[in-house]
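Going by our numbering, the first residue of the sequence shown is number 1, and it counts up by one from there. Glycine included, C-beta positions come from ideal geometry on N, C-alpha and C.
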Amino acid sequence: MVGTMVNMFLSQGFNTQGFGSSSLGRMPRTGYHLVDPSPWPILVSAGVMNEAASFISFVHGGNYTLVNFICATVLLISSFYSWMMDIISEATYLGCHTSIVARGLKVGFSLFLLSEAFFFVGFFWAWFASGIGNLSSGCMWPPRPIIPVYPWGAPLFNTAVLLASGAAVTWAHRAVAIHDREETMIPLGLCVLAGVVFLCFQVGEYKAASFTISDGVYGSCFYMLTGLHGSHVLGGTIFLAAMWVRNYFYHFMFPNRHMGMLFAVWYWHFVDVIWLVVFVWAYIWPYKNWVGDKLF
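Laid out in structure tokens, this is it:
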């Protein structure tokens, strides 16, 4: 009888608003995570908005640039870091990510990747509209006298680096799934190294290019498209580096507590797929046109 009453108390008492909610406000109730009020989303949004405003002002020669950009960057980084630390605490130490919560997180991150895909669609639309428009009117793409980037040098090497890193991150994911911490460290570290190598070669490619972002619609579309992908590689590299640190501190040793690792793997595969499209249409296609050959 006493045991029955204790079980009823443990199953119901902790899930009421009166008991446990004040001292254990982050504890999930009924399998769902009732998120506490947080200032981080609005602060991150403010940082992103001010960075965008300063970039637009810089492009148009305005004065709303350096100081605002630095302040916005500090606000964005500090707020985003605090936000992610809250999420890590909820997932790792407070046990808020139940199986129901994990399923919802997977759906949410899938929708996020879908929105990112359509973000790239917008830039590809501008690229194809300009290129096909030029070719259909009898002009060149790229327009003369722009010399396109040679695709079989640094771009091809970067393609091989990203494909190899995709295999390595899959290896790391399989190791995390079986809670093998030591085996996860090596492929995850290789992925971070691959991201750094990719970005270094991308910067070198920009320095060696014969055109800039101000060289007409070709330069604008090329640098915005490849730069957008490069920013995603940078974000993915930081994401994977954070997962490497979390794995080092034994954060992925229990079920439903490696959602961050899973999302980092999804994000990196997304970056790989987008790069293949960028490599074919932003590098090979213009080069083939420039040398008088056809892609297909």
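Here M259 is near H97, since their CB atoms are less than 9 Å apart. Judged by their CB atoms, S54 and F69 are nearer to each other than the 9 Å cut-off. Taking the Cβ atoms as the reference, Y283 lies roughly 4 Å from P151, within the contact range of under 8 Å. Taking 9 Å as the cut-off, the beta carbon of F239 is found closer than this to the beta carbon of Y267. The C-alpha of L228 is placed about 17 Å away from the C-alpha of V149.
In the three-state reduction of the DSSP assignment, Y150 falls in the coil class, being assigned neither a helical nor a strand state. Per DSSP, the continuous alpha helix (DSSP H) segment holding C200 begins and ends at 181–208.
Between T170 and W275, the C-beta gap is not smaller than 9 Å, which leaves the two residues out of contact.
Exposure of G108 is indicated by the presence of fewer than 16 other C-beta atoms within 10 angstroms of its C-beta. In this structure, R257 sits near T92, with a CB-CB distance shorter than 9 Å. Annotation for A282: no alpha helix (DSSP H) segment contains it, and DSSP assigns it neither H nor E. A distance below 9 Å separates the beta carbons of G47 and S79. Three or more Cβ pairs closer than 8 Å define a contact, and the segment 118–132 meets that threshold against the segment 218–227. Burial check for S214: the Cβ neighbour count within 10 Å stays below 16, so the residue is exposed. Cα atoms of W290 and G153: separation of roughly 16 Å, rounded to the nearest angstrom. Per DSSP, P41 is one residue of the alpha helix (DSSP H) stretching across 40–59. For a cut-off of 8 Å, the C-beta gap from V233 to G195 is around 6 Å, short enough to register as a contact. Looking at the backbone, the Cα of H60 and that of P187 are separated by about 43 Å. Membership of T92 in the alpha helix (DSSP H) is indicated by the continuous run 66–92.
Apart from sequence neighbours up to five positions away, the residues of its chain that approach F58 with a beta-carbon distance below 7 Å are T65, ordered along the chain.
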